[in-house]
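As given, the protein sequences belong to chains P and V, one line each in that order. At the far end of the first sequence sits residue 667, using our numbering, and the numbering has no gaps. At the far end of the second sequence sits residue 109, using our numbering, and the numbering has no gaps. What follows is a short report on a single structure.
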Amino acid sequence: MAQIVAGFGVPHTPIFPHFVKRDGPDCETAKLFGAQKAQLAEERPNLIVMFDTDHLNTFFLDSLPIFAVGIDRSFKAPNDEPQDVPNYIVPSMLDVAAHIRSAVVAAGFDVGMTQNYSVDHSVTVPLHFLTPDMTVPVIPFFISGHVPPLPSAQRCHALGRAVAHAIESWPAALRVVIMGSGSFSLEVGGPRMAPGRSDGVPDPDWAMRVVKYLEEQKIDRLIAEATQHQLLKAGNVGGELLNWIAMLGAIGDRKPDYIVPQMQNGHAYGVWRWN
Amino acid sequence: MKSDPAKALASLDLSDDERRALLAGDVGTLYRMGVNAFLMNYLARFEVCGLDVKIYNQRMRAVKVDEVGQPVA
């Protein structure tokens, strides 16, 4: 039977590959992703399921699912040209992805799908750092976290649980790592940018509160406070927290090994391992 | 879009006000009209319609918004 062996929370800032190339392996971002890369390798995953918010590159305003899963044998990444990121072909698992979708639809979650698809930096940047040889299959699970109305935090957490049940009902032995990709507080291109920049962190207090709740395993509190109002107050991409909440639903009620915030970017690096 | 934005936009279904604001790089007005800010950020990235990161930032930050980022009068 397939089993979930770890959870990872990751940022996906598109300029990070350029910064790491420019600043070298001793810069903060290289070290933080480097630590996660080593811990991920120790888990020997056969599959990564990544909860992610597309930035209107895979989908667009003319066709925008609240939830969708990528179902194919592989996908291209990235489709939005982040600097210093190669063009990758990422392997996936079509049969497992189709099984997950069928199982969660049966459980009451009306999840769309995309085939013959590509993904943007929100999937690619974490993989660029964590699995750069692209040998571990990845199934992207898209959650609409940028364009209101957003799905509720309760719904995303329950979706994560349903995805976990689906994975655990897959008959083959797979070691599955769940990832949640995104920021806690971030405004990109909107009025709440910092002066002279293309982004900003409108609600650093919220971002720190999220870190505290994660560290203290107060997930019910996190879910209760992660209303649409709060997520939008946290910035126009503040809804990316929903990807972490879905990941938490999938891995169950566990204490993290660590949560390391990078508050200048309104995000964090988190690892949950239990074996 | 770089060399002749008016020509590049000619076939798009835009109102006169929308077209005028876009060609002028008036991202503040476009935001108040309801255009997605994340998408408009690409105008600065690719430096079209007279925009770059600095100009875009100044014009967008001049828009008064409430705590969830919605424009206010």
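Backbone N, C-alpha and C define an ideal beta-carbon position, used for all residues, glycine too.
At a cut-off of 8 Å, the C-beta of V:LEU75 has a neighbouring C-beta in chain P. Runs of the alpha helix (DSSP H) spanning 4 or more residues and lying entirely within the stretch 556–614 of chain P occur at 596–607, in chain order.
Closer than 9 Å at the C-beta level to chain V, one finds no residue of the stretch 403–427 of chain P.
Any Cβ of chain V closer than 8 Å to the Cβ of P:ARG589 would place that residue at the interface, and such an atom is present. At least 8 Å separates the CB of P:MET571 from every CB of chain V.
Relative to the Cα of V:GLY61, the nearest Cα in the group V:VAL108, V:ALA109, V:ALA42 and V:GLN106 belongs to V:ALA42.
Pairing P:GLY627 with P:SER573 gives a Cβ-Cβ distance that is not under 8 Å. The alpha-carbon separation between P:SER544 and P:LEU633 amounts to approximately 11 Å. Distances from the alpha-carbon of V:VAL104 to those of P:ILE637, P:ALA558 and P:LEU623 put P:LEU623 closest. Each residue's CA atom was taken as its position, placing P:GLY552 and V:MET37 some 42 Å apart. For P:ALA469, no alpha helix (DSSP H) segment is defined; the enclosing uninterrupted segment is the beta strand (DSSP E) at 466–469. Bridge pairing for P:HIS538: absent [DSSP].
One Cα belongs to P:ASN657, the other to P:GLY592, and the distance between them is close to 7 Å. The criterion of a C-beta distance shorter than 8 Å is not satisfied by P:VAL555 and P:ALA394. For the pair P:VAL477 and P:ILE559, the CB atoms are not nearer than the 8 Å cut-off. Annotation for P:MET655: VAL593, PRO596, ALA599 and MET600 place their beta carbon closer than 8 Å to its own, counting only its chain and skipping 5 residues before and after. Residue P:LYS604 holds the alpha-carbon nearest to the alpha-carbon of P:PRO648 among P:HIS538, P:LYS604, P:ILE535 and P:ALA433. Under the Cβ criterion (8 Å, minimum of three pairs), the stretch 520–534 of chain P counts as touching the stretch 437–453 of chain P. The beta carbon of P:GLN475 is closer than 8 Å to those of PRO406, ILE407, PRO409 and HIS410 in its chain, skipping five residues each way along the sequence. In the structure shown, the three-state DSSP call for V:TYR78 is helix. By the Cβ rule, the stretch 423–437 of chain P does not count as touching the stretch 497–509 of chain P, because fewer than three pairs are nearer than 8 Å.
Taking a Cβ-Cβ threshold of 9 Å, none of the residues of chain P is close to V:LYS38; the smallest such distance is about 16 Å.
P:SER514 and P:VAL580 have their C-alpha atoms some 14 Å from each other. Within chain V, no residue has its beta carbon less than 9 Å from that of P:LEU519; the closest one is some 22 Å off.
Judged by their CB atoms, P:ILE570 and P:GLY399 are nearer to each other than the 8 Å cut-off. Note on P:LEU640: 16 or more other CB atoms within 10 angstroms of its CB, so buried under the neighbour-count rule.
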